[in-house]
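Student:
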Amino acid sequence: MVRVRFAPSPTGFLHIGGARTALFNWLFARRQRGAFILRIEDTDEVRSTDESLAAIVQGLRWLGLDWDEGPEVGGSSGPYFQMQRLGQYRSFIDQLLAKGQAYPCYCTPEELAAMRQTALLEKRPPKYDGRCRRFSSEDRSARDRAGQSSVVRFAMPTEGVTRFHDLVRGDVEFENALLDDFVLLKTSGVPTYNCAVVLDDHAMQITHVIRGDDHLSNTPRQIQLYCALGWEPPQWAHLSMVLGPDGSRLSKRHGATAVIEFKDVGYLPEALVNYLALLGWSTEDSQQLFRLPELIEKFSLERCGKNPAIFDPQKLLWMNGEYIRQVSKEELAKRALPFLQKAGLVSETGDDATQRLVTQAVALEQEKIKRLDEVPHLTEFFFQEEIAYDPAAVNQVLKAQGAEQVLEDLAQRFEAMTDFSEQAFEQVCRQYAKERGIATGKVFHPLRVAVSGRTQGPSLFGLLALLGKSRVVTRLRRARSLILGVRP
RNA sequence: GGCCCCAUCGUCUAGCGGUUAGGACGGCGGUCUCUCAAGCCGCAAACAGGGGUUCGACUCCCCUUGGGGCCA
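So the first sequence is residues 16 to 503, counted in the working numbering.
(1) My assumption, with CB atoms under 8 Å, is that T207 sits in contact with L194. Please give the rounded CB distance.
(2) Ignoring anything shorter than 4 residues, give me the alpha helix (DSSP H) runs that lie fully in the stretch 177 to 252, in order along the chain.
(3) DSSP state of W41, grouped into three classes?
(4) Should A34 be labelled buried (16 or more other beta-carbon atoms within 10 Å of its own) or exposed?
(5) DSSP state of C444, grouped into three classes?
(6) According to DSSP, which residues form a beta bridge with F51?
(7) Is it the case that the stretch 373 to 383 contacts the stretch 344 to 359, given that we only count it when at least three CB pairs across the two stretches are under 8 Å?
(8) Grouping DSSP H, G and I as helix and E and B as strand, with all else coil, what is E506?
(9) Three Cβ pairs or more, each shorter than 8 Å: is that satisfied between the stretch 105 to 120 and the stretch 226 to 234?
(10) Does the stretch 493 to 502 come close enough to the stretch 431 to 441 to have 3 or more Cβ pairs within less than 8 Å?
(11) Under a three-way DSSP split, which group does G85 fall into?
(12) Smallest Cα separation from V212: which of R48, H230, G49, F150?
(13) Which same chain residues, not among the five before or five after L475, have their C-beta less than 7 Å away from its C-beta?
(14) So which of H269, R340, E345, G336 has the shortest CA-CA distance to D327?
(15) The alpha helix (DSSP H) with R158 in it runs from where to where?
(16) Contact between the stretch 234 to 249 and the stretch 179 to 191 is defined here as three or more beta-carbon pairs at a separation below 8 Å; is this criterion met?
(17) With a Cβ-Cβ cutoff of 7 Å, do P391 and L360 count as a contact?
(18) Between S63 and D186, what straight-line distance do the alpha-carbon atoms span, to the nearest angstrom?
(19) Can you give the Cα-Cα distance for S164 and F277, rounded to whole angstroms?
(20) Does DSSP put V373 in a helix, a strand or coil?
(21) Where do the ends of the alpha helix (DSSP H) carrying V390 lie?
(22) Assuming F396 contacts S315 (C-beta within less than 8 Å), just tell me the rounded distance between them.
(23) Whole alpha helix (DSSP H) runs in the stretch 70 to 139 with 4 or more residues, listed along the chain?
(24) Less than 6 Å between C-beta atoms, sequence neighbours within five positions excluded: which residues of the same chain meet that for R131?
(25) Run through DSSP, which three-state label would L307 get?
(26) My output table needs one value for I402: the three-state DSSP class, helix, strand or coil.
(27) Using three-state DSSP, classify F314 as helix, strand or coil.
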């Protein structure tokens with residue numbers, strides 16, 4: 016059975032790049048009917064925080080990327096935190112030590128720094144020279160007895176090449192002589208990334224390692240470790256990086272990069288998932304919009320691209336608009352409600368009448384909404400008693416010739432109405448324009464500004480119907496006094 | 001600095017020796033229309049450069065250039 020994992024370090028939020036990696040793992044697992052495992056690589060004790068862990072979990076949950084094993088859900092290959100797995104590592108290290116495939120290194124940070132300096136001066140690659148590898152066991156016990164602290168280094172093969180087949184990159188090879196004896200275990204007794212990742216992936220029976228391109232050069236080291244332990248390495252798939260608009264690695268200075276920030280400004284998770292899926296993966300017909308089941312069905316590592324992808328907020332925004340237009344008005348209202356509450360337009364408790372108003376209001380603006388955080392501004396005149404009039408609209412539209420008369424006439428006609436449907440309002444307005452021989456625009460535009468305070472908004476008659484007779488008439492009268500310059 | 005990876009419109013990409021180099025976002029123009037959107041129609045826009053291989057290269061190989069990553 017296919018088993019994949021997403022293994023973030025809890026040292027920050029779940030960012031776009033990480034989310035893309037998690038998504039591809041998840042899609043692959045779901046497509047193969049395998050298991051998606053979440054493992055927390057918290058061996059960086061100073062930078063790991065509980066807040067980051069919570070943020071990552073929250074981000075994944077929001078995106079809908081559920082895991083079959085890991086924090087909060089458990090599983091038979093736990094624990095899923097590396098710091099809780101420390102005890103499981105020692106025996107493998109001892110095994111390597113006994114076979115001479117690893118050795119203690121007593122070099123101090125100062126010696127290492129000096130070594131690096133010399134190498135650089137001599138224009139050699141700054142790689143560990145393996146001096147401690149040659150010590151005899153007597154040397155080592157003497158040093159241990161003297162209380163010298165040590166790390167454990169892996170004894171890399173000094174010749175040959177490490178080849179592997181990468182599911183997205185094809186065949187890749189590295190010369191072993193160029194790879195140095197990397198540290199397996201730090202003086203603190205905590206394993207390094209390259210060590211823990213191999214031990215854990217093996218223990219958790221990971222079949223496919225799908226991760227960022229930035230780990231490609233770590234792969235030969237890990238493969239050698241698998242071999243030294245007599246284990247079969249997993250299959251590899253290295254995804255290209257996600258870059259910012261300037262072509263450098265996506266980071267905070269490019270704007271929003273934490274997944275949760277996208278939630279906060281009103282992106283739908285399904286839109287972000289769809290967009291992320293297209294960042295480095297595509298179908299032969301370049302299809303853009305996928306429902307989740309379709310994405311799972313069509314996803315394959317073979318169709319992942321090799322080139323880095325620049326994150327394009329504009330395309331995401333377009334896609335979000337597409338998704339917003341696809342959901343039902345009830346669903347849209349449900350999702351927009353927190354934004355209206357946050358803006359103070361709708362109370363936190365919310366009765367049924369408010370609920371209905373919200374539903375109708377968002378429905379009128381649905382085709383226009385690209386992000387949920389636009390909803391308060393787009394619909395505020397439905398929730399306010401005192402609306403704000405855009406000064407430019409007042410000057411250009413309300414104060415135009417004849418507008419004041421139109422508003423007064425319409426107020427009267429509206430008051431006489433008994434049916435307050437969209438159609439009824441439209442009929443009355445058109446009838447009025449016809450009778451007076453006025454262009455419809457001369458009627459519609461002042462009317463819109465009078466009831467909403469602005470020149471742009473939803474369909475005029477839908478707007479009137481939802482506002483209701485009394486509010487419409489009140490606003491027409493207030494707009495008139497605004498034109499005449501008197502207090503109502 | 002060494003090693004590795006990558007290279008098609010501004011961006012995401014299709015293409016897997018013979019295509020008018022296709023789609024999507026964005027841009028521009030038109031259309032529809034009570035405004036704004038949405039929709040529809042159309043336009044501009046790319047094979048980084050140089051060598052090979054081949055009857056024929058976007059496609060295969062090499063070099064250069066550019067970008068990215070890893071090791072410190």
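Even glycine gets a Cβ: it sits at the ideal position worked out from N, Cα and C.
Tutor: To lay it out plainly:
(1) About 14 Å; that fails the 8 Å criterion.
(2) Counting only runs of at least 4 residues, the stretch 177 to 252 fully encloses the following alpha helix (DSSP H) elements, listed from N- to C-terminal order: 208 to 218, 234 to 243.
(3) helix
(4) buried
(5) Taken through DSSP and simplified to helix, strand or coil, C444 comes out as helix.
(6) V19
(7) yes
(8) Residue 506 lies beyond the stretch modelled for the chain, which goes from 16 to 503, so this question has no answer here.
(9) no
(10) With fewer than three CB-CB distances shorter than 8 Å, the stretch 493 to 502 does not count as touching the stretch 431 to 441.
(11) strand
(12) H230
(13) The answer, listed in chain order, is F459, L462, R463.
(14) Considering only alpha carbons, the answer is H269.
(15) 152 to 160
(16) yes
(17) yes
(18) 35 Å
(19) Spanning the two alpha carbons is a distance of roughly 47 Å.
(20) Under the three-state reduction of DSSP, V373 is assigned to helix.
(21) Counted as a single uninterrupted DSSP element, the alpha helix (DSSP H) harbouring V390 occupies residues 390 to 398.
(22) Not confirmed; about 49 Å, so no contact.
(23) 101 to 113, 124 to 136
(24) Within the same chain, Cβ atoms closer than 6 Å to the Cβ of R131 are found at P141, the five residues on either side in sequence being excluded.
(25) helix
(26) coil
(27) coil
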